[in-house]
Amino acid sequence: MSHFYERKAYRYPLYAFIALSVVFAAFLFYFQWILGIVSFLLLGFVLYYVIHSQRSLYAELEQYISNLSYRIKKVGEEALMEMPIGIMLINDDYEVEWANQFLASCFKEQTLIGRSLYDLSDPLVALLKQEQINEEIINIHGRQFKVIIRREERLLYFFDVTEQVELQKQYEAERLVLAIIFLDNYDEITQGMDDQAKSQMNSHVTSILNKWANDYGLFLKRTSSERFIAVLNEHILKQLEKSKFSILDEVREQTMKYNVQLTLSIGIGTGVSSLPELGLLAQSGLDLALGRGGDQVAIKQGNGKVKFYGGKTNPMEKRTRVRARVISHALRELITESDKVLIMGHKYPDMDALGAAIGILKLVQSNQKEGFIVIDTARTNSGAQRLIEELKKHSELWSRFIKPEQGLELVTEDTLVIVVDTHRPSLVVEERLLYRTDHIVVIDHHRRGEEFINDPILVYMEPYASSTSELVTELLEYQPKRMKLSMLEATALLAGIVVDTKSFTLRTGSRTFDAASYLRAQGADTVLVQKLLKESITNYVKRAKIIENASIDSRGIAIAKGDPTETYDQVLIAQAADTLLTLSGVVASFVISKRTDQTIGISARSLGDINVQIIMESLGGGGHLTNAATQLSDITIEEAEQRLRAAIDDYLEGGKES
105 MSHFYERKAY RYPLYAFIAL SVVFAAFLFY FQWILGIVSF LLLGFVLYYV
155 IHSQRSLYAE LEQYISNLSY RIKKVGEEAL MEMPIGIMLI NDDYEVEWAN
205 QFLASCFKEQ TLIGRSLYDL SDPLVALLKQ EQINEEIINI HGRQFKVIIR
255 REERLLYFFD VTEQVELQKQ YEAERLVLAI IFLDNYDEIT QGMDDQAKSQ
305 MNSHVTSILN KWANDYGLFL KRTSSERFIA VLNEHILKQL EKSKFSILDE
355 VREQTMKYNV QLTLSIGIGT GVSSLPELGL LAQSGLDLAL GRGGDQVAIK
405 QGNGKVKFYG GKTNPMEKRT RVRARVISHA LRELITESDK VLIMGHKYPD
455 MDALGAAIGI LKLVQSNQKE GFIVIDTART NSGAQRLIEE LKKHSELWSR
505 FIKPEQGLEL VTEDTLVIVV DTHRPSLVVE ERLLYRTDHI VVIDHHRRGE
555 EFINDPILVY MEPYASSTSE LVTELLEYQP KRMKLSMLEA TALLAGIVVD
605 TKSFTLRTGS RTFDAASYLR AQGADTVLVQ KLLKESITNY VKRAKIIENA
655 SIDSRGIAIA KGDPTETYDQ VLIAQAADTL LTLSGVVASF VISKRTDQTI
705 GISARSLGDI NVQIIMESLG GGGHLTNAAT QLSDITIEEA EQRLRAAIDD
755 YLEGGKES
């Protein structure tokens, strides 16, 4: 460090002061030599004192800086070696070149130098191999460490965040969860009971739910005769999930003592801190559970994901037709207020979708409105294709069928779009029609899935129904009496019911036969139905070959695969699954084959003990408890079989629930 007077800012003024002092002393010496000598002596003493003081200060400063540097260096070395932050240097072979003592103690080792990370921590190696991730929390001998990677320097920092992670877990475990519990069909079940039996059943159900709430630590409050509200937290919710919501089975079994089948539907909202939003999620989850037929739990999270539990039983058929009458009148008003009506089903329509569309078209025409059925005739199954050929013989009816491109040209803001036999926008014939108008009606008999058409103005979904054709037939019965179905229209609706019930053997209730009776009275031709459902000898042989290759395991699950070199119609795949289910010892059947659209189709059937809908939903599909399907893209039949077997195992390990 230079002396301060060696710097220009101090040196020049000092030189000027000395020069002036010398001139002044010389001036005094000239006039009075004694004063001049005194002045020179004083000036010399001042200069000596200044120089001596500055050198002393400089020496002290150097000593202070030297001591400070030593202390900083010592503290730095101690901090580097002993501070509670792990530091590690590695080479390209994932070997430790250097690590501080704190990190060695975390790994419970004396030293880490020279050790391979493969021997020390597999999660750490996996993290290093993921080049796009430079920060992650990993577990090291029971403690959580946040690892920050500096890849260019091959340097790793380890921060102990165990307490923060524990606090986060505690916060998440104590986060509020809201549940709405609904007694399915309570009004219909109790309307025929006397007051005493009704009171006994209410008391019994309430005591079951209160015991369940006490066992798990819920707050439960009955808000109406058929509705409860429960407050819990995430920790309790996880316990309920582990039990697979056994309360569903308990209530169902206990109420059987009263010769009724009373079931629960539970909607749960979780994952958000806002109480109003939590309530909306719980109500939305309940709507979803009810839309899927009840007797199940729908847990709706803040990120939009939904988890389902239960759904072991088929939906109970409603004995009253009040809802059908109300929906029929509401639909009539919507039709009369629109300029035209466009009707469409799902892609590759079957008999049910086509029959339901024809029935809705008749309903539109009976209200003096113009209606069209949107269909892609190039993408239909064999049964629907035979019906289309029959429709072409009736020009007046066939003229109402249009292509998707024509539908896009006709649609306006005042057009009513009615979707039948599906509620998933990705499955409709022309999805763009859904975004061209705000007036959308959904009529479907499938259990409601996570994907749903946005904001329909009217929804008629009844999972208890055998088919959408059955629902449409009931709607037709409440339309103006002047309406008369033609033979072909009635036959198309009856064919839809026959196909979906497998000739009235599956999912058939009393109202199914009532609808069939009405259609028969309207002139439905049962012989023509059989002609429409006939199959060729080629398809029969292909189906037999699929069944020939089936394997049945000890659990009664049959899995069959089609020839990878051949393509199969979806109807044929479904028929093969139906046939497998008729074999002795089979409780559920799955058929995997390549479809004509080059995707891999899986059809699933069961007798009710196994919920094939949940299994297919885990693979991106859906359907009913006993009848479901899915389609997989960019996958081989063998890969599809592996995914299917994994989904079945997950389902069965979860207690026959999801």
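Yeah, the sequence shown ends on 762 if you go by the numbering used here, and it's all consecutive. For each residue, glycine too, the CB sits at the ideal point set by N, CA and C. Treat the numbers as computed from the prediction; the structure is a model and nothing was measured.
Tell me where the beta strand (DSSP E) around residue 407 begins and ends.
Element bounds for residue 407: n/a, residue is neither H nor E.
Where does residue 158 sit, in a helix, a strand or coil, going by DSSP?
Helix.
Kindly identify the DSSP beta-bridge partner or partners of residue 731.
According to DSSP, which records beta bridges pairwise, residue 731 is partnered with 709.
Quick one: is residue 455 buried, meaning 16 or more other Cβ sit within 10 Å of its Cβ, or exposed?
Residue 455 should be labelled buried.
Comparing C-alpha positions only, which one of 621, 541, 483 sits nearest to residue 675?
Cα-wise, what sits closest to residue 675 is 483.
From what residue to what residue does the alpha helix (DSSP H) around residue 601 run?
For residue 601, the enclosing alpha helix (DSSP H) stretches over residues 591-604.
Three-state class that DSSP yields for residue 128 in the structure shown
Residue 128: helix per DSSP, three-state reduction.
Using a 10 Å radius around the Cβ and a threshold of 16 neighbouring Cβ atoms, would you call residue 467 buried or exposed?
By the 10 Å Cβ count, residue 467 comes out buried.
Would you call residue 366 buried or exposed, if buried means 16 or more other Cβ atoms sit within 10 Å of its Cβ?
The residue in question, residue 366, is buried, as its Cβ has 16 or more Cβ neighbours within 10 Å.
Whole-angstrom distance between residue 715 and residue 760, CA atom to CA atom
Residue placement at residue 760 is flagged as unreliable, the pLDDT there being 42, under the threshold of 50; a coordinate-derived value is accordingly withheld.
Are any of the Cβ atoms in chain D nearer than 9 angstroms to that of residue 354?
Among the protein chains of the structure shown there is no chain D, as only one such chain exists.
Between residue 123 and the rest of its own chain, which residues show a CB-CB distance below 8 angstroms, the 5 nearest in sequence each way excluded?
So the list is empty, once near-sequence residues are dropped.
Identify the continuous beta strand (DSSP E) that holds residue 755 and give its terminal residues.
Going by DSSP, residue 755 is part of no beta strand (DSSP E) but of the alpha helix (DSSP H) stretching over 741-757.
CB of residue 579 within 9 angstroms of CB of residue 603, strictly:
Result no, Cβ atoms of residue 579 and residue 603 do not sit closer than 9 angstroms.
Helix, strand or coil at residue 352 according to DSSP, with G and I counted as helix:
Looking at residue 352 - three-state DSSP - the assignment turns out to be helix.
Measure the CB-CB distance between residue 271 and residue 334 and report whether it falls below 9 angstroms.
Going by C-beta atoms, residue 271 is not nearer than 9 angstroms to residue 334.
Proximity to residue 527 [Cα-Cα], best of 536, 503, 518, 552
The residue from 536, 503, 518, 552 with its alpha-carbon nearest to that of residue 527 is 552.
Below 8 angstroms, can you find three or more Cβ-Cβ pairs linking the stretch 616-630 to the stretch 587-597?
Yes: the two stretches touch, three or more of their Cβ pairs being nearer than 8 angstroms.
Under three-state DSSP, which class holds residue 561?
In the three-state reduction of the DSSP assignment, residue 561 falls in the coil class.
Measuring alpha carbon to alpha carbon, tell me which of 677, 699, 702, 704 ends up nearest residue 693.
The alpha carbon of residue 693 has as its nearest neighbour, out of 677, 699, 702, 704, the alpha carbon of 677.
Close Cβ partners of residue 62 (< 7 angstroms) along its chain, the five nearest in sequence each way excluded
Because the chain spans 105 through 762 in this model, residue 62 falls outside it and cannot be assessed.
Exposure of residue 536, with buried meaning 16 or more beta-carbon neighbours within 10 Å:
Exposed, because fewer than 16 other Cβ atoms sit within 10 Å of the Cβ of residue 536.
Please return the same chain residues whose Cβ sits closer than 6 angstroms to the Cβ of residue 248, not counting the five positions on each side in sequence.
Only 241, 265, 266, 269 meet the Cβ criterion.
Quick check: what's the CA-CA separation for residue 434 versus residue 540?
Distance between the alpha carbons of residue 434 and residue 540: 22 angstroms.
Pair every Cβ in the stretch 517-525 with every Cβ in the stretch 543-562, then say whether three or more of these pairs are closer than 8 angstroms.
With contact defined as three or more Cβ pairs closer than 8 angstroms, the stretch 517-525 and the stretch 543-562 are in contact.
Hey, how far is the Cα of residue 498 from the Cα of residue 480?
Cα to Cα, residue 498 sits roughly 18 angstroms from residue 480.
Secondary structure at residue 269, three-state DSSP: helix, strand or coil?
Assignment of residue 269 by DSSP, reduced to helix, strand and coil, places it in the helix class.
Under three-state DSSP, which class holds residue 452?
Coil, per DSSP.
Taking the alpha-carbon positions, what's the residue 503 to residue 573 distance?
Between the alpha carbons of residue 503 and residue 573 lies a distance of about 21 angstroms.
Integer-rounded CB distance, given that residue 581 should sit under 8 angstroms from residue 575
Not confirmed; about 11 angstroms, so no contact.
Cα-Cα separation between residue 471 and residue 285, rounded to whole angstroms
Their Cα atoms are separated by approximately 40 angstroms.
Straight-line gap, residue 225 to residue 256 (C-alpha atoms, nearest Å)
Distance between the alpha carbons of residue 225 and residue 256 is about 21 angstroms.
Can you give me the C-alpha to C-alpha distance between residue 631 and residue 342, rounded to a whole angstrom?
Distance between residue 631 and residue 342, taken at the CA atoms: about 55 angstroms.
Could you give the first and the last residue of the continuous alpha helix (DSSP H) run that contains residue 200?
Unbroken run through residue 200 is the beta strand (DSSP E), 200-203; no alpha helix (DSSP H).
Helix, strand or coil at residue 474 [DSSP, three-state]
Of the three classes helix, strand and coil, the one that applies to residue 474 here is coil, per DSSP.
By Cβ distance, which residues of its chain are closer than 8 angstroms to residue 584, with the 5 residues on each side in sequence left out?
Same-chain partners within the cutoff: 470, 471.
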